[in-house]
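Chemist:
Residue numbers (my numbering): 22 to 132.
(1) Given this structure, state the Cα-to-Cα distance separating residue 81 from residue 102, to the nearest angstrom.
(2) Taking DSSP's pairing of strands, which residues face residue 125 in a bridge?
(3) Can you tell me whether residue 120 is buried or exposed, with buried defined as 16 or more other CB within 10 angstroms of its CB?
(4) Can you give me the Cβ contacts of residue 134 inside the same chain, cut-off strictly under 8 Å, excluding the 5 residues immediately before and after it?
(5) Roughly how many whole angstroms lie between the Cα atoms of residue 111 and residue 105?
(6) Judging by CA-CA distance, which residue of 100, 108, 46 and 128 is the nearest neighbour of residue 116?
(7) Given this structure, state the Cα-to-Cα distance separating residue 53 from residue 44, to the nearest angstrom.
(8) How many Å lie between residue 70 and residue 33 at the Cα?
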C-alpha cells in the first residue's frame, strides 16, 4: 500500500498521518517535563542498576561526604519485598526485594 492509496482511502486507521500537537512547544523550548516541576520539600532519587546479568554483590562503596545520601539494601530496615498481583487465575506471585542483596539476577536490577 503506497502513500497515495492511503490518502485516497481517507487517511484513517493504521498508516494514517496523525497531527502531532506537542511538537511546536518542544521545538521552541517551551515544553514542560516532570523534572521541571519544583515543589517545597521535594527530594529526588536515582537508582544504581546492575550492568551484569548475574553477579555477586560484594560491597557498596559510598562516596565520602555522601554516606547519608546513599542508601543500600542494608540500610532499608523493615522494607518489605515487592509482590506483584494479577487478575489471571494461574498467576503465581513471587516476592522481589526492592534492592539487590548478595547477588544481582538480571541486567538493570536496582542495587
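Backbone N, C-alpha and C define an ideal beta-carbon position, used for all residues, glycine too.
For clarity, every value in this text was computed on a predicted model and none was experimentally measured.
Modeler: In short:
(1) Position 60 of the chain shown, counting from 1, holds the residue named residue 81. Position 81 of the chain shown, counting from 1, holds the residue named residue 102. One C-alpha to the other measures close to 20 Å.
(2) If you number the chain shown from 1, residue 125 lands on position 104. Beta-bridge pairing links residue 125 to 76.
(3) Taking the chain shown and counting its residues from 1, one reaches residue 120 at position 99. The residue is buried, with at least 16 neighbouring Cβ atoms inside 10 Å.
(4) Coverage of the chain is limited to positions 22 through 132, which leaves residue 134 absent and any answer about it impossible.
(5) Counting from 1 along the chain shown, the entry for residue 111 is found at position 90. Counting from 1 along the chain shown, the entry for residue 105 is found at position 84. Those two C-alpha atoms are separated by around 13 Å.
(6) By one-based count along the chain shown, residue 116 stands at place 95. That would be 100, whose Cα lies nearest to the Cα of residue 116.
(7) Numbered from 1 along the chain shown, position 32 holds the residue referred to as residue 53. Numbered from 1 along the chain shown, position 23 holds the residue referred to as residue 44. Those two C-alpha atoms are separated by around 12 Å.
(8) For the purposes of this step, residue 70 is taken as residue 49 along the chain shown, with counting starting at 1. For the purposes of this step, residue 33 is taken as residue 12 along the chain shown, with counting starting at 1. Their Cα atoms are separated by approximately 42 Å.
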